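Chemist:
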């Protein structure tokens, strides 16, 4: 487990400088797990490009069957085309971010292949942040919109000036049992939440669910290092963590052994998990990782994915 702790410390150093590019993949993974009961009714398009320039929505969720009933309460608002904007803990979700998301939605509709094939009456907007966004909510109220907390952490926005059905999701206020995946995108995780996350990840069966959980767990371990280090003292948690990390650790150890460099195993495992978490190869090279290790990690990841 010592090597696991060392790996986490190294990852923390790297990821803290690139949070804006690394919170979003785990967010998309969290939403897929939140909505996994309806995975056959939905399609997910992460960071969808809106035109020839680099403008992207964070997540587009398309409801494939109009009559499908979405079990997770986040999806109760869903129509056919559901646009998500996510803000990491240090990013603000303000008035201009709201208008930017509205613009994304309009651009998404306008860029459809056929005239009015995407109906404005079949679109929704979801804005997601961990902390309360009082500035935006107060502005919406002042400007004539109704703001109603439909369920803990889920605020419905309605009114004559609201172009699309809109919800603001404050993950810190969500029910911990029903929304463990989305609530895991935090730097404020307690020990009980960490145990629940590990147990839930271990219980998953399907490959895509496991991959999504791995992305979330990677981030949770990095941003809540002290809590996860405590879990090593709990036998069943220690065992579960090792099991969840086993594919990467085994691949790293095997590769290092084959090269006669056993001391490189921990760093190779670190690079593998950083790549799985959304880090770019060039980013890792810029931070000083050995190019051979990065290359090996990319090849190993391609084999085990």
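In our numbering, the protein residues as written are 97 to 401.
Note that beta-carbon positions come from the ideal geometry of N, C-alpha and C, so glycine has one too.
Fair warning: this is a prediction, and the values are worked out from it, not measured in the lab.
Does the beta-carbon distance from residue 312 to residue 285 come in below 8 Å?
Modeler: Against a cut-off of 8 Å, the Cβ pair of residue 285 and residue 312 comes out as no contact.
Chemist: Within the same chain, show all residues whose beta-carbon is closer than 7 Å to that of residue 287, passing over the 5 residues directly before and after it, in chain order.
Modeler: Counting only Cβ-Cβ distances below 7 Å, and skipping sequence neighbours, we find 323 and 326.
Chemist: How about the segment 118–135 and the segment 169–181: do they share at least three Cβ pairs that are nearer than 8 Å?
Modeler: Cβ pair count under 8 Å is three or more, so yes.
Chemist: What is the DSSP secondary structure of residue 283, counted as helix, strand or coil?
Modeler: Reduced to three states, the DSSP call for residue 283 is coil.
Chemist: Could you check which residue in 374, 276 and 201 has the C-alpha nearest to that of residue 259?
Modeler: Minimum Cα distance to residue 259 is reached at 201.
Chemist: Any idea which residues DSSP pairs residue 321 with across the strands?
Modeler: None, per the DSSP bridge assignment.
Chemist: Using DSSP's beta-bridge definition, name the partner residues of residue 275.
Modeler: Paired residue(s): none; residue 275 is not in a bridge.
Chemist: For residue 225, which residues does DSSP report across the bridge?
Modeler: In DSSP, residue 225 forms a bridge with 183 and 266.
Chemist: I need the boundaries of the alpha helix (DSSP H) containing residue 242, first residue and last residue.
Modeler: First-last for residue 242: 242–247, but that is the beta strand (DSSP E), not the alpha helix (DSSP H).
Chemist: Rounded to a whole number of angstroms, what is the C-alpha to C-alpha distance between residue 315 and residue 368?
Modeler: Roughly 13 Å separates the two Cα atoms.
Chemist: Between residue 189 and the rest of its own chain, which residues show a CB-CB distance below 7 Å, the 5 nearest in sequence each way excluded?
Modeler: Contacts found: 183, 223, 225, 229 and 232.
Chemist: Tell me whether the beta-carbon of residue 214 lies closer than 8 Å to the beta-carbon of residue 197.
Modeler: No, Cβ-Cβ distance for residue 214 and residue 197 is not below 8 Å.
Chemist: When burial is assigned at 16 or more other CB atoms within 10 Å of the CB, is residue 251 buried or exposed?
Modeler: With 16 or more Cβ atoms within 10 Å of its Cβ, residue 251 is classed as buried.
Chemist: I need the DSSP call for residue 251, collapsed to helix, strand or coil.
Modeler: Strand at residue 251.
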